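Below: the structure, in structure tokens.
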Amino acid sequence: MEHARLEATLSWLVDAASDLAPASSLDDTLDRYLTRLVQWLRADQASIMLVNGEELSLAASVGLDGVVQAGSQVPPGPARDVLQEGRPRILQGTLPSERETPRPDSAIIIPIRTKEHIIGVLNVGKLPGSAEFTDDDLQVLTVVATQLAWVLSNFELMSKMWTLAITDELTGLFNRRYFYLRIQEEIQRSARYDAGFCLGLLDLDGFKELNRLHGHLVGDEVLSQVCGILRKNLRGVDLAARYGGDEIVLLFPETGPEEALRILTRLQTAVHEMVFVGRDGIPVKLGFCAGIAQFPYDGHRSDELIQRADEALLEAKRSGFGRVVVAD
């Protein structure tokens, strides 16, 4: 492989690895990986097929939408031949198929091999009219298949490490670091699609007094219970993270201030109706105040939005317990 192509390959592998943090399922991770690969190689189709007992099943694909379904068995053909022989192939010319779909006339099929055995195959194809694959492409995809084998072999461990890295240990909410990653993504997405979102910042009423009277261990237990109520009552698209102490930051995608206010009011009701009990057995009733800021009206950067939400929160706390204030 020539030096320039090797350098480009290594650069792509590093970029692809940065997107492998498994925040979702293995299927989603493989889909993102294949999408990157197809764009980089200027290919039209790609698929990952994994050994499942005695069968070879489709795990993920790009460019085959509506043609084959994930989990379907791969019929006899070149992919099965590569799996049995353990050697990659370059195929040129329109490939036969029983499916009514455009077939590639240039394809590379490579075994995905761990130290112990072959666990599947990587298949990349180009439709007629595209430049055919070369031996250099085969070398590139051999390196890619090695990275892919590592991902598949270590996904469960990666998932556990990722979860630990983004989760606040005490509350079970996301941590401050992950919140900043997500709000930056939301700012970019909202700016691209001319959409808005809201940010909420809440602070528990009387929490400092609770810590003073009953100790920080009881306070930690109660805070954990409150955050459990928040997680249970948020929408699936919303994000809650521990910002610091008893401050919780909330991200409401594609949500205006009126809807954010309704969500926070519902959360207030859920928290107020609960009786929290710490290790000393004394029942505790809590509420919270909150401030709301809106993108892009209250700022175009995360620090601007947080400052505006914090100012609204301070105004809410000055107004009395259980208030929610929208930034003016």
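Residue numbers (my numbering): 7 to 334. Glycine included, every Cβ here is placed at the ideal spot set by N, Cα and C. Here the structure is a predicted model, which means the values were calculated and not measured.
The region 132-145 in contact with the region 207-218 per 3-pair CB rule at 8 Å = Taking a contact to require three or more Cβ pairs closer than 8 Å, the region 132-145 and the region 207-218 do not qualify as touching.
inquiry  = Looking at chain B, is there any beta carbon in it that lies within less than 8 Å of the beta carbon of S53?
reply    = The structure shown contains no chain B, having only a single protein chain.
key: Cβ neighbour criterion (16 or more within 10 Å) applied to V281   = Note on V281: under 16 other CB atoms within 10 angstroms of its CB, so exposed under the neighbour-count rule.
query = Which residues share a DSSP beta bridge with Q51?
reply = Answer by DSSP bridge pairing, in chain order: G131.
ask   = Buried or exposed: R248, going by 16 or more other Cβ atoms within 10 Å of its Cβ?
value = Counting of Cβ neighbours within 10 angstroms places R248 among the buried residues, the total reaching 16 or more.
inquiry  = Can you give me the C-alpha to C-alpha distance between D174 and F180, rounded to a whole angstrom?
reply    = Here the alpha carbon of D174 sits roughly 6 Å from the alpha carbon of F180.
request  = Write down the C-beta distance between V283 and V232 rounded to the nearest angstrom, noting that I regard them as a contact closer than 8 Å.
outcome  = Not a contact, Cβ separation roughly 12 Å.
message = Let me confirm a value: G131 is counted as buried when at least 16 other C-beta atoms fall within 10 Å, else exposed. Which label applies?
response = Buried, because 16 or more other Cβ atoms sit within 10 Å of the Cβ of G131.
query = What is the DSSP secondary structure of G284, counted as helix, strand or coil?
reply = Correct three-state label for G284: coil.
ask   = CA-CA distance, D50 and E138?
value = The straight-line gap from Cα to Cα measures roughly 12 Å.
ask   = So what does DSSP say about A276, is it helix, strand or coil?
value = Three-state DSSP puts A276 in a helix.
task = Going by CA-CA distance only, name the one from G202, T271 and L170 that's closest to L236.
result = L236 has its Cα closest to that of T271, out of G202, T271 and L170.
task = State buried or exposed for P110, treating a residue as buried only when at least 16 other CB atoms are found within 10 Å of its CB.
result = Classification of P110: buried, given that the 10 Å Cβ count is 16 or more.
message = Between S196 and F203, how many whole angstroms is the CB-CB distance? I'm expecting something under 8 Å.
response = So it is a contact: roughly 6 Å between Cβ atoms.
key: Extent of the continuous alpha helix (DSSP H) run through R182   = Start and end: R182 to R198.
key: Run of the beta strand (DSSP E) containing L245, from where it starts to where it stops   = L245 -> beta strand (DSSP E) spans L245 to G250.
inquiry  = For T261, count the other beta carbons within 10 Å of its own beta carbon; 16 or more makes it buried, fewer makes it exposed. Which is it?
reply    = Under the 10 Å beta carbon count, T261 is surrounded by 16 or more other beta carbons and is classified as buried.
message = Quick check on A385: does DSSP put it in helix, strand or coil?
response = Because the chain in this structure spans residues 7 to 334, residue 385 falls outside the shown range and cannot be described.
request  = Taking R182 as the reference, give the member of V157, E253 and S159 with the closest Cα.
outcome  = Nearest option by C-alpha distance: E253.
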